[in-house]
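Q: Let me give you the structure first, and then I'll get to my questions.
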Amino acid sequence: MATHRIYYDDSFARDFEANVLTCEPCVHGTLPAWEVVLDETALYPTSGGQPCDHGKLADANVLEVRDDGDEIVHIVDRELQPGPVHGCVDWVRRFDHMQQHTGQHLLSAMFQERFGRPTVSFHLGAELSSIDLRGAEPTAEILEGAERAANRIIFEDRPINVRYGTQEQLAQMGVRKEVDRTGILRAIEIEGADLQPCGGTHVHRTAQIGTLLVRRCTKMRQDWRVEFACGARSERLARNDFRLLARAAATLGCAADDIASAAARIVAERDTNFREIRSLLQRLAELEATSALQSPSTGSGTPIIVRAFDETTHADYPGFFSTQLAKAEGVVALVGLKGGGQVIFSQHPSVGKDMNALLKRTFEQFPGKGGGNRDFARGRLTDGAYVDKALQFARAGLQEQSQTAMRQ
Ligand SMILES: [Zn+2]
Numbered sequence: 262m263a264t265h266r267i268y269y270d271d272s273f274a275r276d277f278e279a280n281v282l283t284c285e286p287c288v289h290g291t292l293p294a295w296e297v298v299l300d301e302t303a304l305y306p307t308s309g310g311q312p313c314d315h316g317k318l319a320d321a322n323v324l325e326v327r328d329d330g331d332e333i334v335h336i337v338d339r340e341l342q343p344g345p346v347h348g349c350v351d352w353v354r355r356f357d358h359m360q361q362h363t364g365q366h367l368l369s370a371m372f373q374e375r376f377g378r379p380t381v382s383f384h385l386g387a388e389l390s391s392i393d394l395r396g397a398e399p400t401a402e403i404l405e406g407a408e409r410a411a412n413r414i415i416f417e418d419r420p421i422n423v424r425y426g427t428q429e430q431l432a433q434m435g436v437r438k439e440v441d442r443t444g445i446l447r448a449i450e451i452e453g454a455d456l457q458p459c460g461g462t463h464v465h466r467t468a469q470i471g472t473l474l475v476r477r478c479t480k481m482r483q484d485w486r487v488e489f490a491c492g493a494r495s496e497r498l499a500r501n502d503f504r505l506l507a508r509a510a511a512t513l514g515c516a517a518d519d520i521a522s523a524a525a526r527i528v529a530e531r532d533t534n535f536r537e538i539r540s541l542l543q544r545l546a547e548l549e550a551t552s553a554l555q556s557p558s559t560g561s562g563t564p565i566i567v568r569a570f571d572e573t574t575h576a577d578y579p580g581f582f583s584t585q586l587a588k589a590e591g592v593v594a595l596v597g598l599k600g601g602g603q604v605i606f607s608q609h610p611s612v613g614k615d616m617n618a619l620l621k622r623t624f625e626q627f628p629g630k631g632g633g634n635r636d637f638a639r640g641r642l643t644d645g646a647y648v649d650k651a652l653q654f655a656r657a658g659l660q661e662q663s664q665t666a667m668r669q
């Protein structure tokens, strides 16, 4: 038997009396639940992009409402006996859904009428809702134009009517959309603005939609996804935007209107500082390398300079320093940065050893990742505490090689 849908003609019915026709056990998620069919209901099932209502049937909580052909199935958390039952709708949730859903009718109509962008799908989300528009990318002017036009109709507080008729009758009334259903169809009219076939729940007058805010527009395959919010959601978004702007303005020490220019200035300053610091680090590395080369800590053979910088050193510095050292003929530089675990092995090409192989051998003893070529190899130890030991290990390996070579 078809369930009579009270919300078709009275979308503001919050309480209703009905009869339980069937109540069958089922599973909801992993919990035991019951599927209840009533002779009539004011609870809206998930459909047309709008999530289902929540509410109560007697003491049972309604967890989900499903459209099953002509019947509506209520999933509840306890068993109900056949016979009369009092039902109620979670009104905060439903009214919010009606605001977003009716707002969607209006916004889609504005995109279609004024800018020739038809809506191909609708999604009512937990925070924001969205429509997908077909056609060329909507410019900022189009997005703002549709938002402004929708809000003007909201402020005019126009009536929203439910109309019934056959496909032909609705077409005569101005419904553009083709529907593949026969018989008597239901359509929603926003007076003077829109007429759409729809089986959903809507507010009575446009002012009940509340302010409509258009948010981001992003590419979604061949279409354009436009996010929006209505009613209390707009209020929350605007409040949150204001808080964020106020916090950003306080941090930047400027007025909210100047945030964009202040942020641009700070980014430009940061980029300049970055370039200056790199240039200073380069000069410092040249000086420190010159000084290190004057007193190389070597025995006989190849001068090997070993240096582990502490954590306060700029992360780019060990690289500059080792590159400078390896410019000097016959020198090998084994450099590291404590804490982060960075290690860099480099040599002047005249030395003729293999830095990459040396790094790999070091990683066998002190695990890490990295690589390079014969003259320059860099990597990172898994445990930054072993930088000193890894450098000493590499130095010992090099000295051993040199001594073996000399004996040969
Ligand atoms: Zn609708």
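Here our numbering = 1-based position in the sequence shown + 261.
No residue lacks a Cβ here, since even glycine has one placed at the ideal position from N, Cα and C.
All values derive from a computational prediction rather than experimental measurement.
Under the three-state reduction of DSSP, which class applies to Arg477: helix, strand or coil?
A: Against the sequence shown, residue 477 aligns to sequence position 216. DSSP places Arg477 in strand when its eight states are reduced to three.
Q: For the pair the segment 452-470 and the segment 364-375, tell me if three or more CB-CB distances fall below 8 Å.
A: The segment 452-470 is in contact with the segment 364-375.
Q: With a threshold of 16 other CB atoms inside 10 Å of the CB of Gly377, please say whether the residue is buried or exposed.
A: The residue given as residue 377 occupies position 116 in the sequence shown. Flag for Gly377 reads exposed.
Q: From Thr574 to Glu590, what distance separates their C-alpha atoms?
A: Within the sequence shown, the letter at position 313 stands for residue 574. Within the sequence shown, the letter at position 329 stands for residue 590. So the alpha carbons of these two residues sit roughly 27 Å apart.
Q: DSSP has Ser391 in a bridge; who is on the other side?
A: If you number the sequence shown from 1, residue 391 lands on position 130. DSSP lists His384 and Glu488 as partners of Ser391.
Q: Give a single yes or no on whether Ile527 has its beta carbon closer than 6 Å to a heavy atom of ligand 1.
A: Taking the sequence shown and counting its residues from 1, one reaches residue 527 at position 266. No, the Cβ of Ile527 stays beyond 6 Å of every heavy atom of ligand 1.
Q: Over what stretch of residues does the beta strand (DSSP E) that includes Asn634 continue unbroken?
A: Mapped onto the sequence shown, residue 634 falls at position 373. Taken as a continuous stretch (DSSP letters only), Asn634 belongs to no beta strand (DSSP E), as it is neither H nor E.
Q: Could you tell me which of Ile470, Thr551 and Glu402 sits nearest to Phe416, measuring between CA atoms?
A: Against the sequence shown, residue 416 aligns to sequence position 155. Ranking Ile470, Thr551 and Glu402 by Cα distance to Phe416 puts Ile470 first.
Q: Name the residue from Cys349, Gly330 and Val281 whose alpha carbon lies nearest to the alpha carbon of Tyr268.
A: Here residue 268 is taken as the residue at index 7 of the sequence shown, counted from 1. The shortest C-alpha separation from Tyr268 is found at Cys349.
Q: Cβ-heavy atom distance between Ile449 and ligand 1 below 6 Å?
A: Working through the sequence shown from its first residue, we reach residue 449 at position 188. For ligand 1, at least one heavy atom lies less than 6 Å from the Cβ of Ile449.
Q: Using the three-state DSSP reduction, which class does Val648 fall into: helix, strand or coil?
A: As a working note, residue 648 is residue 387 in the sequence shown. Three-state DSSP puts Val648 in a helix.
Q: Give the C-beta separation of Val487 and Ser391 to the nearest angstrom, bearing in mind that I take them to be a contact with Cβ-Cβ under 8 Å.
A: The sequence position of residue 487 within the sequence shown is 226, counting from 1. The sequence position of residue 391 within the sequence shown is 130, counting from 1. About 6 Å separates the two Cβ atoms, so the contact holds.
Q: Any idea if Ser308 is buried or exposed, counting beta-carbon neighbours within 10 angstroms, 16 or more meaning buried?
A: Sequence index remark: in the sequence shown, residue 308 carries index 47 (1-based). Exposed.
Q: When the distance is taken between beta carbons, is Leu642 closer than 7 Å to Phe627?
A: To locate residue 627, count along the sequence shown from 1; it is residue 366. To locate residue 642, count along the sequence shown from 1; it is residue 381. In contact: Phe627 and Leu642 (Cβ atoms closer than 7 Å).
Q: At a cut-off of 6 Å, would you count Cys459 as near ligand 1, judging by its Cβ distance to the nearest heavy atom?
A: Here residue 459 is taken as the residue at index 198 of the sequence shown, counted from 1. Yes.
Q: From which residue to which residue does the alpha helix (DSSP H) around Ala493 run?
A: For this step, residue 493 is matched to residue 232 along the sequence shown. Unbroken alpha helix (DSSP H) run through Ala493: Ala493 to Leu513.
Q: Quick one: is Gly514 buried, meaning 16 or more other Cβ sit within 10 Å of its Cβ, or exposed?
A: For this step, residue 514 is matched to residue 253 along the sequence shown. Exposed, because fewer than 16 other Cβ atoms sit within 10 Å of the Cβ of Gly514.
Q: Under the rule that 16 or more other beta-carbon atoms within 10 Å means buried, what is Gln457, buried or exposed?
A: Locating residue 457 in the sequence shown gives position 196, counting from the first residue. Classification of Gln457: buried, given that the 10 Å Cβ count is 16 or more.
Q: Taking only the alpha-carbon atoms, compute the straight-line gap between Thr559 and Leu598 and give it to the nearest angstrom.
A: Residue mapping note: residue 559 aligns to position 298 of the sequence shown, counting from 1. Residue mapping note: residue 598 aligns to position 337 of the sequence shown, counting from 1. Residue confidence for Thr559 is low, a pLDDT of 49 falling below 50, so the modelled location carries little weight; the figure read from the coordinates is stated next. Roughly 21 Å between the two C-alpha positions.
Q: Apart from the five residues on each side of it in sequence, which residues of its chain come closer than 8 Å, Cβ to Cβ, to Leu473?
A: Stepping through the sequence shown from its first residue, residue 473 is reached at position 212. Hits under 8 Å: Gly364, Leu367, Leu368, Glu408, Ala411, Asn412, Ile415, Phe489, Ala490, Cys491 and Ser495.
Q: Would DSSP call His366 helix, strand or coil?
A: If you number the sequence shown from 1, residue 366 lands on position 105. DSSP places His366 in helix when its eight states are reduced to three.
Q: Thinking C-alpha only, which one of Thr302, Asp338, Thr400 and Gly426 is nearest Glu296?
A: Numbered from 1 along the sequence shown, position 35 holds the residue referred to as residue 296. Measuring from the Cα of Glu296, the nearest candidate turns out to be Asp338.
Q: DSSP three-state call for Arg424: helix, strand or coil?
A: Taking the sequence shown and counting its residues from 1, the one referred to as residue 424 is at position 163. Note: Arg424 maps to strand in three-state DSSP.
Q: Which same chain residues, not among the five before or five after Arg671, have their C-beta less than 7 Å away from its C-beta?
A: Past the boundaries of the shown model lies residue 671; the chain is included only from 262 to 669, so the question cannot be answered.
Q: So, Tyr578 versus Leu554, is the Cβ gap smaller than 7 Å?
A: Position 317 of the sequence shown, counting from 1, holds the residue named residue 578. Position 293 of the sequence shown, counting from 1, holds the residue named residue 554. Cβ atoms of Tyr578 and Leu554: not closer than 7 Å.
Q: Cα separation between Arg504 and Arg476?
A: Against the sequence shown, residue 504 aligns to sequence position 243. Against the sequence shown, residue 476 aligns to sequence position 215. One C-alpha to the other measures close to 17 Å.
Q: Tell me whether Asp636 is buried or exposed, calling it buried when 16 or more other Cβ atoms sit within 10 Å of its Cβ.
A: Residue numbering aside, residue 636 sits at position 375 when the sequence shown is read from its first letter. When all chains shown are included, Asp636 counts as buried.
Q: Can you tell me which of the three DSSP states Gly406 falls into?
A: Reading the sequence shown from its first residue, position 145 is the one you call residue 406. In the structure shown, Gly406 sits in a helix (DSSP, three-state: H, G or I).
Q: Using only alpha-carbon positions, find the residue among Val326, Pro312 and Met371 that is nearest to Ala387.
A: Here residue 387 corresponds to residue number 126 of the sequence shown, with the count starting at 1. Residue Pro312 is the option with its Cα nearest to Ala387.
Q: So what does DSSP say about Phe581, is it helix, strand or coil?
A: Sequence index remark: in the sequence shown, residue 581 carries index 320 (1-based). Correct three-state label for Phe581: helix.
Q: Mind checking which residues open and close the alpha helix (DSSP H) that includes Ser272?
A: As a working note, residue 272 is residue 11 in the sequence shown. Note, Ser272: premise wrong, no alpha helix (DSSP H); not H, not E.
Q: Hey, Leu620 and Gly600: beta-carbon distance below 7 Å or not?
A: Position 359 of the sequence shown, counted from the start, is the residue given in the question as residue 620. Position 339 of the sequence shown, counted from the start, is the residue given in the question as residue 600. Going by C-beta atoms, Leu620 is not nearer than 7 Å to Gly600.
Q: Just list the alpha helix (DSSP H) runs in the segment 519-605, keeping only unbroken ones of 4 residues or longer that don't cross its boundaries, in chain order.
A: You should have 520-555 and 578-586.
Q: Given Asp649, which residues of its chain have a CB within under 6 Å of its CB, disregarding the five upstream and five downstream residues?
A: Position 388 of the sequence shown, counted from the start, is the residue given in the question as residue 649. Here the set comprises Ala569.
Q: Buried or exposed for Ser540, going by 16 or more other Cβ atoms inside 10 Å?
A: Position 279 of the sequence shown, counting from 1, holds the residue named residue 540. Flag for Ser540 reads exposed.
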